[in-house]
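Residue numbers (our numbering): 1 to 190.
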């Protein structure tokens, strides 16, 4: 995770939010496929949210950017700063499952294994996982599971864990073959 405020620990899977607004985004972006991950609210903040951010999203201003799609603790869904009614509220101890289907352009959230319905449609582009916290007091903590351990709940059919094992094989297997420095020793005249 790349945090704006707060700290990451436990292999960057545990984020402790700052005492003011902050967020953490993943380091892997996906543009196709079906991915699932779970977020545990160890200690919820006053404005906790989980979802995705587009690669063009300014991570220093997630809550006001059109490229973020999240499910808030108040039960609303937000695209940037625009919210609308969506699902159940959630709090400490709840596990939010995130099902990102980029083959069909949809995003669905699960609260403790209960689908809240399709939150967003028409998604395309490169996306990564997002945790947002708008609290102004305390130290909320969030625990991410991208499949590094068994999921608490079974992912929807056809969805894979969002981790490197499930990403497509890169065109260039070893970037050093094409991007490594080439050394040359000159003699001053040729």
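Just so you know, even glycine gets a beta-carbon here, dropped at the ideal spot from N, CA and C.
With a cutoff of 9 Å on beta-carbon distance, residue 117 and residue 87 are scored as near each other. With distances taken between CA atoms, residue 104 lies nearest to 124 out of 91, 124, 146. One thing to note: residue 108 has its Cβ within 9 Å of the Cβ of residue 101.
The beta carbon of residue 22 sits closer than 6 Å to the beta carbons of 4, 5, 6, 133 from its chain, once the five residues preceding and following it are set aside; these are given in chain order. Rounded to the nearest angstrom, the Cβ distance from residue 96 to residue 71 is 7 Å, consistent with a contact under 8 Å.
Only residues of its own chain outside the window of five on either side were considered, and among them 118, 121 have a CB closer than 6 Å to the CB of residue 106, listed in chain order. According to the DSSP assignment, residue 72 belongs to no alpha helix (DSSP H) but to the beta strand (DSSP E) extending over 68 to 72. Taking C-alpha positions only, residue 36 is separated from residue 183 by approximately 44 Å. In the structure shown, residue 29 falls within a coil segment according to DSSP collapsed to helix, strand and coil. DSSP, reduced to helix, strand and coil, places residue 164 within a helical segment of the structure shown. In this structure, 29 is the residue among 29, 8, 9 with its C-alpha nearest to the C-alpha of residue 129. Taken through DSSP and simplified to helix, strand or coil, residue 173 comes out as coil. Secondary structure note for residue 115: its beta strand (DSSP E) is the uninterrupted segment 114 to 120. Closest option to residue 131, judged by alpha-carbon separation, among 32, 31, 69: 69. DSSP, read as helix, strand or coil, puts residue 178 in helix.
At a Cβ-Cβ threshold of 9 Å, residue 40 and residue 93 count as neighbours. Short of 6 Å from the beta carbon of residue 13, and not among the five residues preceding or following it, lie these beta carbons of its own chain, in chain order: 144. Rounded to the nearest whole angstrom, the C-alpha separation of residue 186 and residue 55 is 42 Å. Boundaries cannot be given for residue 184, as no beta strand (DSSP E) includes it and DSSP labels it neither H nor E. If you look at residue 145, you'll find it in the beta strand (DSSP E) that goes 141 to 145.
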